Amino acid sequence: MHEGVFLVNIMSRLCFERSFTAALCLFLMLSLINTAFCNEKKDKSDRAKQSAKKADDPSKKDNGKPEEIKNFPFAEGTGKISDDGVAGLRIVRDKLILLGYDKNCTSEALKSDETFSNLNFFKKYSKLVSVEFANIELTKECLENIQKFLQKEIQNIVIDSCEIESSNVELLADIVKKRPELKNVTFRMVENNENDVETILSALGELSKLKTICLAFDKIKNESCQKIAELIKKSADSLKNLSLAWNGVVEADKESEAYQKLSEAIGEVKGLKSFELFLMSIDEKNTANLFSGIRHLTTLSRFKLFLGNISIQNDIKLFENAESLGDTLKDMTQLVKLDISGMKLPKDVMQVLAQNLEYLKKLQYLDISGNTIDGECAEILVQSLKGMNELKTLAINGCELTSQVFSTLCKLLENSPLIMLYARNNAIKEGVRSLPVKTMTDLQLADFSKNDVTFENAMELIKLTVDHPKLQAINFRENEPLDSMDEVDKKTKRDELENWKRANKCHVAFFGL
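The sequence shown runs 12 to 524 under my numbering.
Structure below.
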């Protein structure tokens, strides 16, 4: 897969509450993840109920009009949204999606000849504050119509993986410059011309009220990196959410200077609440530079870090940078959500980081997937996280967990308030029987897919779930011992499971047969 495309996939998972969705792909899981951050709403349809968990109430102005729209997507609505109830508008390929202040959405197909020939439907929605254009071609005609019809008061704009010729980028930049009320901007341009990036960044530099900046590019020039630093520095007083992603900086001889300025700018944003950093390629020195800036972000509540090639850095420097990151985490006492997944960090590095998690007393969501956890690291995690009464979601997918290591981690889970446990793609095997499900009274979902779990071991765990007050599903999909059974055996096991469920009045879902 092209690195740029991979970058977009990563960004899709993370950009402000789409986190971790690509790895699990089950809608039930998607909906359950965010219960740690949102209150459950009582809706008639299951789909509306699940999606409502993702949505926070929008903030209000003095006049009662919502100031901004958060947490897409919304629940699919059954009724029509009134024109003055439309808060957000998406154009995705040939589909128009309307998002309402009531947290519902409706969609309709756009005819190819009308998609951008007449965009005056913007004018229909007097309270529109957010627009998104995704996976479409932004032609000259399209951009001219957006410029003509899109309200000047728009506050949120998303340009996501759209095709645009370099000759038309100035038009796009002009749309940005002529909307001074913009507060939240997202530009994902992974097949970009480096000069086009500078044009967009120059336009963003003229805005003075930015609260959210989300930028994803392929490769950028050092000048662009420095422009990003200038943009962050200018927005330091208002900026609350920052997400940065790129494959690399072009000119290696000036790279350190660019990253140094970026680090200094990041360190000046004292009120930042959410920070996501995705760099596919970065050397040891620049890693240290960035960590020196990040350590000042003591107000963060959400932090996602992904450095694509950190695992192949010089062993000594990697360890030093891990200690630096650990010291940084120690000061992030307001963190609610931490994601350091997918970096293939070796066990000794993970041990260093695990030791500093004990300071994160408010942590609700922890993802350390895709890093190595051995027995010693598991013991450290147990000590660091034991008694952490706010932790609702733990993701340990692809951590090379053995049965014994998982059993050690289960000491952490006894009487824990955990709601979701993700342990996909390990070698837990019979270790699933160690899950103290009876004392985990808040648990709703456990994922043990791809763990070489047998039917017998799965049933041992299932039998512990009788009378569990909240558990909804245990996922045993893609376990080789289950998948390799012939159809006759599968039917026999399915019947055994269903008979047991009926006899014990247990309705916990068991995926895999």
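Where is the CB? At the ideal position from N, CA and C, for every residue including glycine.
Keep in mind that this is a model prediction, so the values were computed, not measured.
Shortest alpha-carbon distance to residue i belongs to which of the options?
i           : options               : result
residue 304 : 319, 312, 292 and 288 : 288
residue 172 : 146, 154, 504 and 100 : 146
residue 365 : 338, 375, 511 and 347 : 338
residue 241 : 227, 229 and 218      : 218
residue 211 : 184, 220, 221 and 193 : 184
residue 290 : 322, 363, 447 and 375 : 322
residue 393 : 415, 401, 345 and 424 : 424
residue 519 : 501, 493 and 469      : 469
residue 178 : 507, 150 and 190      : 150
residue 442 : 415, 202 and 311      : 415
residue 577 : 407, 426, 448 and 248 : The first residue shown for the chain is 12 and the last is 524, placing residue 577 beyond what the model contains.
residue 280 : 347, 243, 454 and 312 : 243
residue 92  : 106, 112 and 162      : 112
residue 104 : 144, 427 and 139      : 144
residue 275 : 238, 483, 348 and 256 : 238
residue 317 : 336, 109 and 101      : 336
residue 380 : 355, 374, 390 and 342 : 355
residue 522 : 277, 503 and 493      : 493
residue 511 : 474, 502 and 395      : 474
Mark residue i as exposed unless 16 or more other C-beta atoms lie within 10 angstroms of its C-beta, in which case mark it buried.
i           : result
residue 385 : buried
residue 378 : buried
residue 327 : exposed
residue 450 : exposed
residue 95  : exposed
residue 282 : exposed
residue 120 : exposed
residue 20  : In this predicted model, residue 20 has a pLDDT of only 37, less than 50, meaning its place in the structure is not dependable enough to derive any value.
residue 306 : buried
residue 142 : buried
residue 490 : buried
residue 207 : buried
residue 229 : buried
residue 363 : buried
residue 486 : buried
residue 400 : exposed
residue 514 : exposed
residue 506 : exposed
residue 187 : buried
residue 499 : exposed
residue 332 : buried
residue 481 : exposed
residue 458 : buried
residue 315 : buried
residue 258 : buried
residue 348 : buried
residue 220 : exposed
residue 552 : Outside the displayed span of the chain (12 to 524) sits residue 552, for which this structure offers no information.
residue 246 : buried
residue 418 : buried
residue 47  : Its pLDDT being 29, under 50, residue 47 is placed unreliably in this model, and the coordinates cannot settle the point.
Quick one: measure Cβ to Cβ for residue i and residue j, integer angstroms, because I've assumed they're closer than 8 angstroms.
i           : j           : result
residue 367 : residue 410 : That pair is no contact at about 18 angstroms.
residue 397 : residue 430 : At roughly 18 angstroms, the Cβ-Cβ gap does not stay under 8 angstroms, so residue 397 and residue 430 are not in contact.
residue 371 : residue 340 : 7 angstroms
residue 320 : residue 293 : 7 angstroms
residue 271 : residue 300 : 5 angstroms
residue 476 : residue 517 : 6 angstroms
residue 261 : residue 205 : 7 angstroms
residue 285 : residue 312 : 7 angstroms
residue 98  : residue 139 : 7 angstroms
residue 454 : residue 472 : Not a contact, Cβ separation roughly 12 angstroms.
residue 182 : residue 226 : Wrong, their Cβ atoms sit about 19 angstroms apart, outside the cutoff.
residue 421 : residue 460 : At roughly 18 angstroms, the Cβ-Cβ gap does not stay under 8 angstroms, so residue 421 and residue 460 are not in contact.
residue 190 : residue 222 : No, residue 190 and residue 222 are not in contact; Cβ-Cβ is about 14 angstroms, not under 8 angstroms.
Indicate whether at least one CB of chain C lies closer than 9 angstroms to the CB of residue i.
i           : result
residue 411 : Given the protein chain composition of this structure (a single chain), no chain C is represented.
**Request:** Decide if the segment 104 to 117 is in contact with the segment 154 to 166; the criterion is three or more beta carbon pairs, one per stretch, under 8 angstroms apart.
**Result:** Taking 8 angstroms as the limit for Cβ pairs, the verdict is that the segment 154 to 166 does not touch the segment 104 to 117.
**Prompt:** Do three or more CB pairs link the segment 194 to 203 to the segment 167 to 175 at distances below 8 angstroms?
**Reply:** yes
**Item:** Start-end ranges of the beta strand (DSSP E) lying completely within the segment 96 to 126, minimum 3 residues
**Value:** The segment 96 to 126 contains these whole beta strand (DSSP E) runs: 97 to 103, 106 to 111 and 115 to 120.
**Request:** Examine the Cβ distances between the segment 257 to 266 and the segment 233 to 244 and report whether three or more of them are shorter than 8 angstroms.
**Result:** yes
**Request:** Determine contact between the segment 464 to 480 and the segment 429 to 438, defined as no fewer than three beta-carbon pairs at a distance below 8 angstroms.
**Result:** no
**Message:** Report the start-end ranges of each beta strand (DSSP E) in the segment 219 to 285 that is 3 residues or longer and not cut off at the edges.
**Reply:** 223 to 228 and 252 to 257
**Message:** To test your reading of the DSSP string, which unbroken beta strand (DSSP E) runs of 3 or more residues are found completely within the segment 404 to 456?
**Reply:** 404 to 406 and 431 to 433
**Request:** Could you pull out every unbroken alpha helix (DSSP H) segment of at least 4 residues lying fully inside the segment 345 to 394, listed in chain order?
**Result:** 358 to 366
**Asked** Whole beta strand (DSSP E) runs in the segment 291 to 341 with 3 or more residues, listed along the chain?
**Response** As far as the segment 291 to 341 is concerned, its whole beta strand (DSSP E) runs of at least 3 residues are 313 to 318.
**Contiguous beta strand (DSSP E) assignments of at least 3 residues, all confined to the segment 171 to 226** = 195 to 200
**Asked** Could you give the uninterrupted runs of the beta strand (DSSP E) lying entirely in the segment 460 to 506, keeping only those of 3 residues or more?
**Response** 484 to 486
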